[in-house]
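Structure, as structure tokens:
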Amino acid sequence: MRDRLIAALVTIFISVVGVAQEPTSDETVMDLEQLSQAFSWNFDTPIEVETVADGLHVFFGIGGNIAVSIGESGVLVVDDQFPEMIPKVNEAIEELGGGPVDFAINTHWHFDHADGNKALGPAGSWIVAHEHSAEMMAKDNIINLVIAKYKQDAYPPDARPVISFGDLMTFHFNGGDIELIHAGAAHTAGDVAVIFRKQNAVHFGDVFNKLGYPFVDVDSGGSIDGMILFCETVYAELNEDTIVIPGHGVVTDMPDLAAYIEMLKTVRQRVKALIDDGKTMDEVIAANVTADLDEVYGDVSQSLGFINRVYTSLTK
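Using the working numbering, the letters of the sequence shown correspond one by one to residues 1297 to 1612.
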């Protein structure tokens, strides 16, 4: 599925700008309609629900995974996909016994995790994010996806965070503590991991991706070293039985997270060694340093420029 989607993105990108290389001008910047076409997003897609613990659910639809806490305090969600999906999200919450969304936490500011703010904010939800993500949502941004660029417009005031924080924040909600941790710049400069202590679960946002190699938004402050540090820092806050919710892909466990961290460290080491030998980016990419990892994480050529972003972050 991932290969087909990325191949579609390449096809659309070629049709839009006529070349399959990193874009350099505003003429090569895609809008949401073009990106939706490229990724074959269908906002009529139903919401699928997985209950991972008592009072905690994961919703799958279009965009990043949504964690949903429902209980006596109300409803809290982590990430919110797109506004087109929110009516179905609300319906699924109602079927689980919940009401309107009281709090919406954004793990970061990227559109596929936060555009749902545009529906939830005006409806009365309190939106929460790291202070850097709040700053990014207040202005226009260009997201460099390596094979294309996407323009994410500033969110309307009622779709922006009304609460932001620096490093740590805790909700006492639905009978347990929900901890928000910013362990430094990683996927972006404003990532948040959300730990549900009562259910022993964590939502990592896009710092942990189960659909293949991760995308590191280097242009927005992300880095491979930050990805590793963030994962290791949050890992140390968990235990062997913690339920791990990635930004994309299936819900998993701690051994899977540990293997992912080891993969990041291995790729970082291999790319750095080639850089130290004076290799160019093209030479590093051609070296196929992930060959023994691709069976688990997918063909790196279909990963939105993972090696490109690792090389760029280590040489920036």
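All residues carry an ideal CB built from backbone N, CA and C; glycine is no exception. Since the model is a prediction, treat every value here as computed from it, not as a measurement.
- Message: Can you confirm whether HIS1406, when its beta carbon is compared against all beta carbons of chain C, has any partner nearer than 8 Å?
- Response: Although the question refers to chain C, the structure presented lacks it and comprises just one protein chain.
- Task: Mind reading off the beta-carbon distance from GLY1501 to HIS1409? Whole number of angstroms is fine, and I expect it under 8 Å.
- Result: 7 Å
- Identify every residue that forms a DSSP beta bridge with ASN1437. GLN1448
- Item | Opposing strand residues paired with VAL1364 [DSSP bridges] | HIS1353 and VAL1373
- What does SER1460 pair with, by DSSP beta-bridge criteria? ALA1425
- Which residues share a DSSP beta bridge with THR1324? DSSP output for THR1324 lists no bridge partner at all.
- Message: Could you compute how far the alpha carbon of ALA1532 sits from the alpha carbon of GLU1558?
- Response: 14 Å
- Item | 3-residue-minimum beta strand (DSSP E) runs that sit fully inside the segment 1509 to 1589, ordered along the chain | 1539 to 1541
- Extent of the continuous alpha helix (DSSP H) run through ILE1389: 1382 to 1391
- Message: Need the endpoints of the beta strand (DSSP E) that LEU1610 sits in, please.
- Response: No beta strand (DSSP E) contains LEU1610, which is instead part of the alpha helix (DSSP H) from 1602 to 1611.
- Task: Compute the Euclidean distance between the alpha carbons of ILE1541 and LYS1384, then round it to the nearest angstrom.
- Result: 20 Å
- Task: Excluding the 5 residues preceding and the 5 following LYS1506 in the sequence, name in chain order all residues of the same chain whose CB lies nearer than 7 Å to its CB.
- Result: PRO1542, HIS1544, GLY1545, VAL1546 and THR1548
- Message: My output table needs one value for PHE1407: the three-state DSSP class, helix, strand or coil.
- Response: helix
- Item | Runs of alpha helix (DSSP H) wholly within the segment 1463 to 1506 (minimum 4 residues, chain order) | none
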